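J.:
In my numbering, the protein residues as written are 0 to 74.
The structure is reproduced here in structure tokens:
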């Protein structure tokens, strides 16, 4: 087995006033959306960083839905 690859893609987003009433993002909904993306893409690391607070959340489920369910049901 080869070592972990140190490459990938970073996506940064900002709310556009043209489409949003406020620049404040609904963090609860965004967190739920990003976590679900991590579940659906096994092995992919998905992170959310709030640049105002410097808080970062990262999700990675190497086994996809199976790992998510094991983690959720054991909590």
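The beta carbon of each residue, even a glycine, is placed where N, CA and C say it ideally should be.
All of these numbers come straight from a predicted model, not from anything done at the bench.
So residue 41 and residue 7 are in contact, right, with Cβ under 8 angstroms, and what is the actual spacing, rounded?
T.: At roughly 15 angstroms, the Cβ-Cβ gap does not stay under 8 angstroms, so residue 41 and residue 7 are not in contact.
J.: Starting from the C-beta of residue 67, find all residues in its chain whose C-beta is less than 7 angstroms away, skip the five residues before and the five after it, and write them out in chain order.
T.: Correct list, in chain order: 38 and 60.
J.: Might you give, ordered along the chain, the residues of its own chain that have their beta carbon closer than 8 angstroms to the beta carbon of residue 45, omitting 5 neighbours on each side?
T.: Contacts found: 33, 34, 36, 37, 57, 58 and 59.
J.: Which two residues bound the contiguous alpha helix (DSSP H) that contains residue 38?
T.: Run containing residue 38: 26-39, per the alpha helix (DSSP H) assignment.
J.: Just list the residues that DSSP pairs residue 58 with in beta bridges.
T.: Its beta-bridge partners are 45.
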